[in-house]
Amino acid sequence: MNIIVVLGHPTKGSFNHAIADTVAFKLRENGHEVTYHDLYTEKFDPLLLGEEIPKNAELDPNIEKHCKEIRDADGIIIIHPNWWGQPPAILKGYIDRIIRAGVAYEFLEGDNGEGVPNGLLKAETAIVFNTSNTPEKRELDVFGDPLETIWKNCIFDLCGVKNFYRKMYGVIVTSSTNERQLWLEDVEKTVDKYFPPEK
Numbered sequence: 001m002n003i004i005v006v007l008g009h010p011t012k013g014s015f016n017h018a019i020a021d022t023v024a025f026k027l028r029e030n031g032h033e034v035t036y037h038d039l040y041t042e043k044f045d046p047l048l049l050g051e052e053i054p055k056n057a058e059l060d061p062n063i064e065k066h067c068k069e070i071r072d073a074d075g076i077i078i079i080h081p082n083w084w085g086q087p088p089a090i091l092k093g094y095i096d097r098i099i100r101a102g103v104a105y106e107f108l109e110g111d112n113g114e115g116v117p118n119g120l121l122k123a124e125t126a127i128v129f130n131t132s133n134t135p136e137k138r139e140l141d142v143f144g145d146p147l148e149t150i151w152k153n154c155i156f157d158l159c160g161v162k163n164f165y166r167k168m169y170g171v172i173v174t175s176s177t178n179e180r181q182l183w184l185e186d187v188e189k190t191v192d193k194y195f196p197p198e199k
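Going by the UniProt record's numbering, the first residue of the sequence shown is number 1, and it counts up by one from there.
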C-alpha cells in the first residue's frame with residue numbers, strides 16, 4: 001500500500017518527530033511504500049490565495065504534486081501537536097491548499113456548494129496522532145475534544161475516508177522517558193493494526 005505521512009511540528013527532536021519516524025519505519029518494515037512530508041523542513045507555504053480556490057485553478061507544480069499524492073494514497077497518517085485545539089497553521093494551510101475540490105471532494109450536479117460533498121479520496125483509512133499538554137479529562141470536559149471534530153467530521157468523513165482513528169499522547173511537558181517509549185510502542189501497534197504487513 002502507498003501511505004502518505006504528514007508531520008506538522010517545527011522542532012527537530014520533538015516527540016512529534018519521534019512519532020513520525022516510528023510511523024515511517026514501521027510502515028516500511030511492513031512492506032508499505034511511504035510518502036513522507038515534514039512540512040516545516042520542506043518550508044511548505046500554507047498561504048491559500050484567492051485565485052487558487054476555484055476547482056479548475058492553475059496550481060503551482062509543488063501543490064499539484066501534493067494533490068496527486070493525497071489523491072493516490074491508500075492510507076493517510078497525520079502527526080501534529082494540539083495548539084489551541086487546532087493543528088499548527090502550516091498544517092491548516094496544507095489542508096486548505098491540498099484537501100481541495102476536485103481532489104478530496106466534489107459537489108454533485110445541481111448542488112451549488114451548500115450541500116454535503118461527495119468524498120473523492122481513495123484512502124480507506126486515516127490516522128491522526130496528536131500530542132498535548134492538556135490532561136485528557138480537562139480536554140474532554142472543558143474543550144470537548146475539538147481535534148476529533150476537525151479531523152473526523154469536518155475533513156476525513158466528508159472526503160470519503162470512513163475508517164478513522166485518532167490518538168492523543170500527553171501530557172508531553174511532564175512525561176518521562178519511559179512513558180514516551182511506551183507511547184511509541186503504542187504507535188507501532190496502531191500502525192500494525194491499521195496497516196499490517198503486506199502479504
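For glycine and all other residues, C-beta sits at the position ideal for the given N, C-alpha and C.
{"Asked": "Identify the continuous beta strand (DSSP E) that holds residue 81 and give its terminal residues.", "Found": "75-81"}
{"Asked": "With a threshold of 7 Å on Cβ separation, who are the neighbours of residue 16 within its own chain once the five nearest residues in sequence on each side are excluded?", "Found": "7, 9, 79, 80, 81, 131"}
{"Asked": "Exposed or buried, residue 182, counting other C-beta atoms within 10 Å across all chains shown (16 or more means buried)?", "Found": "exposed"}
{"Asked": "Can you tell me whether residue 110 is helix, strand or coil according to DSSP?", "Found": "coil"}
{"Asked": "Shortest alpha-carbon distance to residue 107 belongs to which of 38, 163, 117, 98?", "Found": "117"}
{"Asked": "Who are the Cβ neighbours of residue 166 in its own chain at under 8 Å, not counting the five residues just before and after it?", "Found": "127, 128, 129, 130, 147, 148, 151, 152"}
{"Asked": "With a 10 Å radius around its C-beta and 16 neighbouring C-beta atoms as the bar for buried, classify residue 247 as buried or exposed.", "Found": "Residue 247 is absent from the structure shown; the chain starts at 1 and stops at 199."}
{"Asked": "Going by alpha carbons, who is nearest to residue 161 out of 5, 105, 50, 36?", "Found": "105"}
{"Asked": "Classify residue 87 as buried or exposed, calling it buried when 16 or more other Cβ atoms lie within 10 Å of its own Cβ.", "Found": "buried"}
{"Asked": "Going by alpha carbons, who is nearest to residue 22 out of 197, 196, 186?", "Found": "186"}
{"Asked": "Taking one C-beta from the stretch 86-100 and one from the stretch 43-50 each time, how about it: are there three or more such pairs within less than 8 Å?", "Found": "yes"}
{"Asked": "According to the Cβ coordinates, are residue 24 and residue 34 closer than 8 Å?", "Found": "yes"}
{"Asked": "Indicate whether residue 37 and residue 3 have their beta-carbon atoms separated by less than 8 Å.", "Found": "no"}
{"Asked": "Quick one: what's got a C-beta closer than 8 Å to residue 18's C-beta in the same chain, skipping five residues either side?", "Found": "180, 184"}
{"Asked": "For residue 121, count the other beta carbons within 10 Å of its own beta carbon; 16 or more makes it buried, fewer makes it exposed. Which is it?", "Found": "buried"}
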